[in-house]
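Chains as they are written, first to last, in our numbering: chain A, 7 to 396; chain B, 111 to 366. The C-beta atom is built at its ideal place from N, Cα and C for all residues, glycine as well.
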Amino acid sequence: MHRVRSEARPVNSSGPATLEIEDEDGTLRVVAHGDWTVRSVMAIDQRMRHLAGELPASGAAILDIADVGRLDTAGAWILRRTVEEFELHGIKCTLEGMDESEQTLFENVDSTPIPEPEVTVKINPFIYIAGRTGDGLIGVVGEFLRIVDFIGQVFLAMGRLVVKPSRLRLIPLVHHMEKAGMDAVPLVCLLTGLIGGVVAQQGATQLRQFGADVFTVNLVAIIFLREVGILLTAIIVAGRSGSAFTAEIGSMKMREEIDAMRTLGLDPMEMLVLPRILALIITLPILTFLADIMGLIGGGIVVMLMLNMSPDSYIARLQEASDFWTFGVGLVKAPFMALMIGLIGCRAGLAVAGSAESVGSQTTRSVVQSIFVVIILDAFFALFFTAIGI
Amino acid sequence: MPTATPIIEVRGLVNAFEDNVIHRNLDLTVRRGEVIGIVGGSGTGKSVLLRSILGLRHPDAGSVKVFGKDLTKLNDDERRLEEQRWGVMFQDGALFSALTVAENVQVAYREHLHMPKLLMDELADVKIRMVGLRPDARDLYPSELSGGMRKRASLARALALDPEILFLDEPTAGLDPIGAAAFDELVNNLKHTLGLTVFMVTHDLDSLYAVCDRVAVLAEQRVILIGTMDDMMASDHPWIREYFHGPRARAAQKSR
């Protein structure tokens, strides 16, 4: 702010804010120099803060700001704070050399005290830990219930679809099949091929010690077809598509697009959630099949190189080592895992509230949860298949 | 009182998006201490003009001088210093969603001035009260604020460093008439107490009447008229006539 310069007043000083403190027969005279702006007041902030405490009560003080160059809200606030501090100590305080615009500014830097935030009471750390644990547990249970609720809603929507198949949104379904399925093919193939090779190489090195290196083929076939193929694919898809579902639906939620859909009589379940989940259920088994093949090829290349086995005998050993169910066990798991990844991804998206930060935290949560669930599900399937003897 | 010294000078500004020319040889001068309102139909490039002045968009031709300096010709450090002399309130507030209202206001103190925490808190409280927010709003996050509060909080952030120019992008859009009138009052108040120059993009005729010293009309890819409200009323350009003599304009005028 540029002060209006009156004729009677000498040219004001500029530069850093400074203070001159004089004691005139018990009256403290504080003369301010320089610019009192947000950039310069830090220099005198501490000094001004302690002024009132240095004076005996019932004294008097004069703040002379006639020489101040520029005064802005920060400077005005410090003046006002000091005046109020003096008054609180019972010291009479007068301001000198203030012009009209500075006066308005001074009056505008209101200083009604803000109610202090409630002081947190120190609590027993054990109670605190117990409290945190309880909160966490309630959170987990609540989250579980919400997931169950969401699963119910999705199945209801699926039921409506079965009754009336024309409600299926074909174009979004195909779109998501392409994005979640087709586009994932190169990545899934590359990674599973490499892992297949690694499994074969490690297996061959260990089994060679027993002279049982031909069993590397059994190792690769069983581990890949039963477990690694599906698990790896599901984890890749959870990271790739589960997160995308959350982020897409989440930002739509944030921009009130979901609400807009509801007001237009459109069902977000039908428009957004079902196409995504169905797309995953259709594409994940296909991806798993590709992963199995690539794993066997990757393993095969290593076996052929390390054990000097011909492609013919590799295939023959593969057929001996595995039957249809070795392959079927892996593939059967795929739609269930797809369902869980889709459910978790979409639910996290719909749980977004308010800020962009929420999209981020829900996306993290969705990926972590779906990978966790995929592994748990795999463990349950392993128990189940062992129990029925496949 | 506005003085004749220009604080913003736009000369021969050209902005185009591929084949779509937004501005062609646009000239605009804003004087120190005035409140200027920018009006124009949708798509006439009000926001593009604002972004060009702020240096958020590099113009295709022409020069923009703020504080007498062409910001595009300064190096990074010099430009940053100049940028601290203005405050901007974006249309939807553009508050940092991870920070509370007080922390939003303190961003400039923290990053540019390295101010002690206590003083920073006090000054943030002063600004928060100055823009008419409840003091306890200081600890709320932007997602917990209503639209009007968000605008005020954004204004508090814009005012943090006591800027010389305040840019307001549609400050009263989305506010109820009482809130909008209070905002006009607030801008008037700030102009008088802080001696601000205010550059305001607005569609609100009441605001134009209430706070603007001058109005600039954007049309035909340039500023077709700049002057006081009386000049606007006297113009016989068809768009200006329709804008300032339409039914809503008459209502706004009647209420003066």
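(request) Give, in chain order, every residue of the stretch 24-57 of chain A whose Cβ lies closer than 7 angstroms to some Cβ of chain B. (result) Thr43, Val44, Arg45, Met48 and Asp51
(message) For valine 127(A), list the residues DSSP reports as bridge partners.
(response) In DSSP, valine 127(A) forms no bridge with anything.
(request) Could you confirm whether any beta carbon from chain B is found closer than 7 angstroms to the beta carbon of asparagine 224(A)? (result) It does not: the Cβ of asparagine 224(A) has no partner Cβ on chain B nearer than 7 angstroms.
(message) Counting beta carbon pairs with one atom in the stretch 323-338 of chain A and one in the stretch 179-194 of chain B, are three or more of them shorter than 8 angstroms?
(response) no
(message) Only counting the same chain, and skipping five residues up and downstream in sequence, which positions put a Cβ closer than 7 angstroms to that of alanine 3(A)?
(response) This structure does not reach residue 3(A), given that chain A is present from 7 up to 396, and the question cannot be answered.
(request) Could you tell me the distance, in whole angstroms, from the CA atom of tyrosine 319(B) to the CA atom of asparagine 214(B)? (result) 31 angstroms
(message) In whole angstroms, give me the CA-to-CA distance for glutamate 102(A) and glutamate 28(A).
(response) Between glutamate 102(A) and glutamate 28(A), the alpha-carbon positions lie close to 15 angstroms from each other.
(message) Let's see if you can read the secondary structure: which residues bound the alpha helix (DSSP H) around valine 379(A)?
(response) 362-394
(request) Would you tell me roughly how many angstroms separate the C-alpha atoms of alanine 227(A) and glycine 304(A), rounded to the nearest one? (result) Going from the Cα of alanine 227(A) to the Cα of glycine 304(A) covers about 11 angstroms.
(request) May I have the straight-line CA-CA distance separating valine 180(A) from alanine 285(A), to the nearest angstrom? (result) The straight-line gap from Cα to Cα measures roughly 7 angstroms.
(request) Flag this pair as yes or no: are the beta carbons of isoleucine 153(A) and alanine 244(A) separated by less than 7 angstroms? (result) no
(message) Just checking: is the beta-carbon of aspartate 316(B) within a distance shorter than 7 angstroms of some beta-carbon in chain A?
(response) no
(request) Kindly indicate the opening and closing residues of the beta strand (DSSP E) around arginine 141(B). (result) 130-141
(message) For the alpha helix (DSSP H) containing proline 348(B), name the first residue and the last one.
(response) 348-355
(message) Just verifying my parser: in three-state terms, what is the DSSP assignment at lysine 259(A)?
(response) helix
(message) Let me see if you follow: with CB-CB separation under 7 angstroms, is glycine 235(A) close to chain B or not?
(response) no
(request) Check arginine 86(A) in the structure and name its three-state DSSP category. (result) Secondary structure at arginine 86(A): helix, using DSSP grouped into helix, strand and coil.
(message) 7 angstroms is my cut-off, CB to CB: does threonine 399(A) come that close to chain B?
(response) Nothing in the structure corresponds to residue 399(A), since chain A is present only between 7 and 396.
(message) Please confirm whether tryptophan 83(A) has its beta-carbon closer than 7 angstroms to some beta-carbon of chain B.
(response) yes
(message) Let's see if you can read the secondary structure: which residues bound the alpha helix (DSSP H) around isoleucine 292(A)?
(response) It spans 280-313 - the alpha helix (DSSP H) in which isoleucine 292(A) sits, taken as one unbroken run.
(message) Here's the rule: buried if 16 or more other CB atoms are within 10 angstroms of the residue's CB, otherwise exposed. What is leucine 311(A)?
(response) exposed
(message) I want to see whether chain B comes within less than 7 angstroms of isoleucine 394(A), judged by CB atoms only; does it?
(response) The beta carbon of isoleucine 394(A) does not come within 7 angstroms of any beta carbon belonging to chain B, so the residue lies off that interface.
(request) Show which residues of chain B have a CB atom less than 8 angstroms away from the CB atom of glycine 355(A). (result) Correct list: empty, because the minimum Cβ distance to chain B is about 17 angstroms.
(message) Once DSSP output is grouped into helix, strand and coil, what is the label at aspartate 31(A)?
(response) coil
(message) Can you give me the C-alpha to C-alpha distance between alanine 329(B) and phenylalanine 177(B), rounded to a whole angstrom?
(response) 26 angstroms
(message) In this structure, how does DSSP classify glycine 122(B) when only helix, strand and coil are distinguished?
(response) The answer is strand: DSSP assigns glycine 122(B) an E or B state.
(request) Decide if the stretch 334-351 of chain B is in contact with the stretch 158-169 of chain B; the criterion is three or more beta carbon pairs, one per stretch, under 8 angstroms apart. (result) no
(message) Can you find the residues in the same chain that come closer than 6 angstroms, C-beta to C-beta, to serine 364(A), ignoring five residues on each side of it along the sequence?
(response) Val358
(request) Determine the chain B residues that contact arginine 87(A) at a beta-carbon separation under 8 angstroms, and present them in chain order. (result) In chain order: Glu232.
(request) Run down chain B in chain order and give the residues with a C-beta less than 8 angstroms from the C-beta of leucine 101(A). (result) Correct list: empty, because the minimum Cβ distance to chain B is about 17 angstroms.
(request) Give the DSSP-derived three-state secondary structure of alanine 263(B) in the structure shown. (result) The answer is helix: DSSP assigns alanine 263(B) an H, G or I state.
(message) Let me make sure I understand the geometry here. Which of Ala67(A), Phe391(A) and Leu77(A) has the alpha-carbon closest to that of leucine 94(A)?
(response) Ala67(A)
(request) Within 10 angstroms of the Cβ of aspartate 129(B), are there 16 or more other Cβ atoms? Answer buried if so, exposed if not. (result) Exposed, by the Cβ-count rule.
(request) Determine, using beta carbons only, whether leucine 111(A) comes closer than 7 angstroms to chain B. (result) yes
(request) Report all residues from its chain with a CB closer than 6 angstroms to the CB of valine 147(A); omit the five preceding and five following residues, and keep chain order. (result) none
(request) Identify the continuous beta strand (DSSP E) that holds methionine 199(B) and give its terminal residues. (result) 196-199
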